[in-house]
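Worksheet: one structure, shown below.
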Amino acid sequence: MDGKYRNKQEVYIEFLNKWIVDFKRQLDSKNKNIFDDVHINDIDPIFEDKSNWLTGSLEILKLFKKHLANTDFDIILCIFLNRTKLKNNIPKSITQKEINRITTPPSLYLFRKGNKTMIKPTKHIVDNLSTKYKCNVYFGENQESPPEQRFLYRFLYFVIDN
């Protein structure tokens with residue numbers, strides 16, 4: 008873990024443990040597809056600075072994933088990119104310039120293991136980003152409502168396999 012975040016590991020794990028307790032209250036044993044998300048800047052004010060978004064959220068993802076290893080829960084990271092009218096506009100890289108144009112901080116999604124709705128098979132894996140960040144990176148897009156506006160929301164999911 009990067010030195011900037013390493014000295015805050017206990018604070019981050021405390022945040023995760025509280026989040027799990029709160030999330031368990033929402034769970035329905037019959038529905039495995041429930042999830043909860045939190046924006047990275049809700050974990051630590053250091054993430055108000057966009058220059059910390061990518062590196063910091065990946066570090067938090069790794070820390071939380073390790074902590075969740077022997078639980079019934081899993082976690083992924085989602086970064087919403089700018090919307091576009093171009094279908095399948097998959098980024099080849101993520102630069103600070105692109106991060107600076109994003110208005111929503113990255114989100115971590117907490118869910119029960121076995122939740123099949125988090126990464127749908129229609130997502131495309133982005134090989135060059137997966138290699139760079141040492142985890143599976145998936146691209147997805149959703150049509151804005153109403154459809155006549157024809158904008159697509161683009162996002163990247165960062166997934167660390169067990």
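Numbering (the working numbering), first residue to last: 8 to 169.
Glycine residues also receive a C-beta, built at the ideal position from the N, C-alpha and C atoms.
Keep in mind it's a predicted model, so treat the numbers as computed, not measured.
Straight-line CA distance for residue i to residue j?
i	j	result
ARG161	TYR145	11 Å
LEU88	PRO52	21 Å
Leaving out five residues on either side along the sequence, give the residues of the same chain with a beta carbon under 6 Å from the beta carbon of residue i.
i	result
SER114	ASP44, HIS46 and CYS85
ARG13	none
In terms of alpha-carbon separation, which member of the options lies closest to residue i?
i	options	result
LYS141	ILE50, TYR164 and THR124	TYR164
THR102	LEU136, PHE71 and LYS120	LEU136
ILE20	ILE50, ASP29 and ARG32	ILE50
ILE27	THR111, PHE42, LYS99 and ILE53	PHE42
LYS123	VAL18, ASP29, GLN16 and ASN40	ASN40
ILE67	ARG32, PHE54 and ASN89	PHE54
LYS99	THR138, ASN48, ASP168 and PHE22	THR138
The alpha helix (DSSP H) spanning residue i covers which residue range?
i	result
SER137	134-140
ASN107	103-108
ASN24	16-33
Could you please give the first and the last residue of the uninterrupted beta strand (DSSP E) stretch that includes residue i?
i	result
ASP43	42-46
LEU115	114-119
Once you ignore the five residues that flank residue i on each side, which residues in its own chain have a CB closer than 7 Å to its CB?
i	result
ILE97	HIS131, VAL133 and PHE146
ASP81	LEU75, PHE118 and LYS120
ILE106	LYS57, TRP60 and LEU61
VAL166	ILE83, ILE126, CYS142, ASN143 and TYR145
Enumerate, from N- to C-terminal direction, the unbroken alpha helix (DSSP H) stretches of 4 or more residues contained entirely within the segment 51-98. 60-74
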